[in-house]
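Engineer: Those letters in the sequence shown? Residues 661 to 1033, by the working numbering.
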Amino acid sequence: MFENGQRDKVIVRTSIIGIAANVFLAAFKAVIGLSANSIAIVMDAVNNLSDAAASVITIVGTKLAGKDADRKHPFGYGRIEYLSAMIISILVLYAGITAFTESVKKIINPETPEYSTVSLVIVAVAVVVKIVLGRYVKSVGVKVNSDSLINSGEDATLDSVISASTLAAAVIFLLFHISLEAWLGAVIAVIIIKSGFDMLKETLSKILGERVDAELARQIKATINDFPDVSGSYDLIMHNYGPDAYNGSVHIEVPDTLSADDLDKMLRKIQVEVYKKHNVILTAIGVYSYNTKDEEAVAARKKVADLVTSDPDILQMHGFYMDKAEKTIRFDVVISFDAKDRSVVYNNIVAKVQKEYPDYTLQIAMDTDFSEA
661 MFENGQRDKV
671 IVRTSIIGIA
681 ANVFLAAFKA
691 VIGLSANSIA
701 IVMDAVNNLS
711 DAAASVITIV
721 GTKLAGKDAD
731 RKHPFGYGRI
741 EYLSAMIISI
751 LVLYAGITAF
761 TESVKKIINP
771 ETPEYSTVSL
781 VIVAVAVVVK
791 IVLGRYVKSV
801 GVKVNSDSLI
811 NSGEDATLDS
821 VISASTLAAA
831 VIFLLFHISL
841 EAWLGAVIAV
851 IIIKSGFDML
861 KETLSKILGE
871 RVDAELARQI
881 KATINDFPDV
891 SGSYDLIMHN
901 YGPDAYNGSV
911 HIEVPDTLSA
921 DDLDKMLRKI
931 QVEVYKKHNV
941 ILTAIGVYSY
951 NTKDEEAVAA
961 RKKVADLVTS
971 DPDILQMHGF
981 YMDKAEKTIR
991 FDVVISFDAK
1001 DRSVVYNNIV
1011 AKVQKEYPDY
1021 TLQIAMDTDF
1031 SEA
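#1: Mind listing, in chain order, the continuous alpha helix (DSSP H) runs of no fewer than 4 residues lying wholly within the region 753-830?
#2: Helix, strand or coil for Phe836, going by three-state DSSP, please let me know.
#3: Considering only C-alpha positions, which residue in the set Pro903, Tyr901, Thr917 and Gly892 is nearest to His911?
#4: On the premise that Gly794 lies in contact with Ser820, defined as a C-beta separation below 8 Å, what is that separation, rounded to the nearest angstrom?
#5: Between Ser808, Val831 and Gly856, which lies nearest to Val716 when the distance is taken from Cα to Cα?
#6: With which residues is Leu942 paired in a DSSP beta bridge?
#7: Have a look at Val993 and Ala705 and give me their C-alpha separation to the nearest angstrom.
#8: In whole angstroms, give me the CA-to-CA distance for Gly1009 and Met977.
#9: Can you tell me whether Glu913 is helix, strand or coil according to DSSP?
#10: Where Ala759 and Tyr948 are concerned, what is the direct C-alpha to C-alpha distance, given to the nearest angstrom?
#11: Here's the rule I'm using: 16 or more other beta-carbon atoms within 10 Å means buried, otherwise exposed. How should Tyr894 be labelled?
#12: Can you tell me whether DSSP reads Asp1019 as helix, strand or coil?
#13: Give a yes or no on whether the C-beta atoms belonging to Ile740 and Ala725 are separated by under 9 Å.
#14: Measuring alpha carbon to alpha carbon, tell me which of Ala882, Arg1002 and Asp711 ends up nearest Leu975.
#15: Examine the Cβ distances between the region 861-872 and the region 922-929 and report whether three or more of them are shorter than 8 Å.
#16: Tell me whether the region 669-684 and the region 724-738 touch, counting them as touching only if at least three CB pairs, one residue from each stretch, are closer than 8 Å.
#17: Just to confirm the assignment, what range does the alpha helix (DSSP H) spanning Asn885 have?
#18: Can you tell which of Leu780, Ser806, Ser698 and Met703 has its C-alpha closest to the C-alpha of Lys723?
#19: So Leu967 is in the alpha helix (DSSP H); what residue range does that whole segment cover?
#20: My assumption, with CB atoms under 8 Å, is that Met746 sits in contact with Thr826. Please give the rounded CB distance.
#21: Distance, Cα to Cα, Phe887 vs Thr817?
#22: In three-state terms, what does DSSP make of Phe997?
#23: Would DSSP call Ser744 helix, strand or coil?
#24: Rounded to the nearest angstrom, how far is the Cβ of Leu694 from that of Val702, given a contact under 8 Å?
#25: Looking only at its own chain, which residues have a Cβ that is under 6 Å from the Cβ of Asn907, when we skip the five neighbours before and after it?
#26: Cα separation between Phe857 and Ala696?
#27: For the structure I just gave you, are there three or more beta carbon pairs, one from the region 778-794 and one from the region 877-885, closer than 8 Å?
#28: Who are the Cβ neighbours of Ala1033 in its own chain at under 7 Å, not counting the five residues just before and after it?
#29: Going straight from the alpha carbon of Ala690 to that of Ser776, what length do you get?
#30: Identify every residue that forms a DSSP beta bridge with Met982.
#31: List the endpoints of the continuous beta strand (DSSP E) containing Gly856.
#32: From this set, Ala713, Trp843 and Ser839, which residue's C-alpha is nearest Glu762's C-alpha?
#33: If Ser919 sits next to Ile945, beta carbons under 8 Å apart, how far is it from one beta carbon to the other, in whole angstroms?
#34: I need the DSSP call for Asp895, collapsed to helix, strand or coil.
#35: Who pairs with Asp1027 in a beta bridge, going by DSSP?
#36: Given this structure, state the Cα-to-Cα distance separating Thr1028 from Pro972, to the nearest angstrom.
Rendered as structure tokens:
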């Protein structure tokens, strides 16, 4: 995992390489496209310019996202990276719509292209450059967890396909004197529009708030469960404030013999260990106690667990505690999102347990599956 300062430097350096490559390619393609009267190559050049603009936005977004937290934004500015990724998606969409409009005009009023050997060689070189650039930028984006770089890398890879298509159209024209320029431009535009839409949808999903990666959740719970007095960890909720920036909360299950002092020491150690291993700040750790002193209560826990988990829509039961003095039973149930009606499943569970323990007041909480696979 990269430190924030090192991560930002990698993103900026990669974006600068992208800017230089795209400006260089755009200039050559624009000259070739205009001299050859090729709308497809001109649109390809415009697309390269939009890629360069996207890299500039990535740099600006990374710099702004790296600002320190302040009174107004105590969780920092990391989410700006998602906004910059969204802007890049919109740029790609705009480039696609513009290309489609121009291509349709050329279909209605066709013009004959004029290719030269030099122009075709340069387009071929551009294909290779874009393939290499796309793979490099995307690999760096995955390594530093930057949506902006990943989007730029995918767009560059798509550009290599577009450039290869324009080259193929040129070869077809030279061999068979059939001009597919305008139609190819329209197809390219549709591909760009779809790519932009997919990028935008993915970025908006992250802004809305997605479930945390299941593997990361398992690793965090494993770290917590390694503590001797913790029998289980549940209800892990993580709030994302930018790539690799998480604040979260969790519940742990511990025996009813621990003192407040014992709990305080253990909770602090858990917070330190989770941050050290996973770079996640646990802002709150709730506690469930479970019966250890009463054999009847221990047996009741197993009986209720078997009863509850017999329903295929119940993913988990936890936090069970029977208080014989107050005649209460409390526990949480995690009901799958795949259940046809979660409230019906919950009511059925309550009815089943109440039937087995009619003299007890039930305190059953319906939990949400925030992080399990």
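Glycine is no exception: its CB is placed at the ideal position from the N, C-alpha and C atoms.
Just so you know, these numbers come straight off a predicted model, no measurement behind them.
Structural biologist: From the atom records:
#1: 777-804
#2: helix
#3: Gly892
#4: 6 Å
#5: Ser808
#6: Gly908
#7: 57 Å
#8: According to the sequence as given, residue 1009 is Ile; it is not Gly. Between Ile1009 and Met977, the C-alpha separation is close to 11 Å.
#9: strand
#10: 59 Å
#11: buried
#12: coil
#13: yes
#14: Arg1002
#15: no
#16: no
#17: Ala874 to Asn885
#18: Ser806
#19: Glu955 to Thr969
#20: Going by Cβ atoms, the distance from Met746 to Thr826 rounds to 29 Å, so no, they are not a contact pair.
#21: 47 Å
#22: coil
#23: helix
#24: 7 Å
#25: His899, Ile941 and Thr943
#26: 31 Å
#27: no
#28: Its pLDDT being 42, under 50, Ala1033 is placed unreliably by the model, and the measurement read from it follows with that caveat. Once the five neighbours on either side are set aside, the close Cβ partners of Ala1033 are Ala874.
#29: 14 Å
#30: Ile989
#31: Element bounds for Gly856: not the beta strand (DSSP E) but the alpha helix (DSSP H), Glu841 to Leu868.
#32: Trp843
#33: With a Cβ gap of about 16 Å, Ser919 and Ile945 do not count as contacting.
#34: strand
#35: Val994
#36: 15 Å
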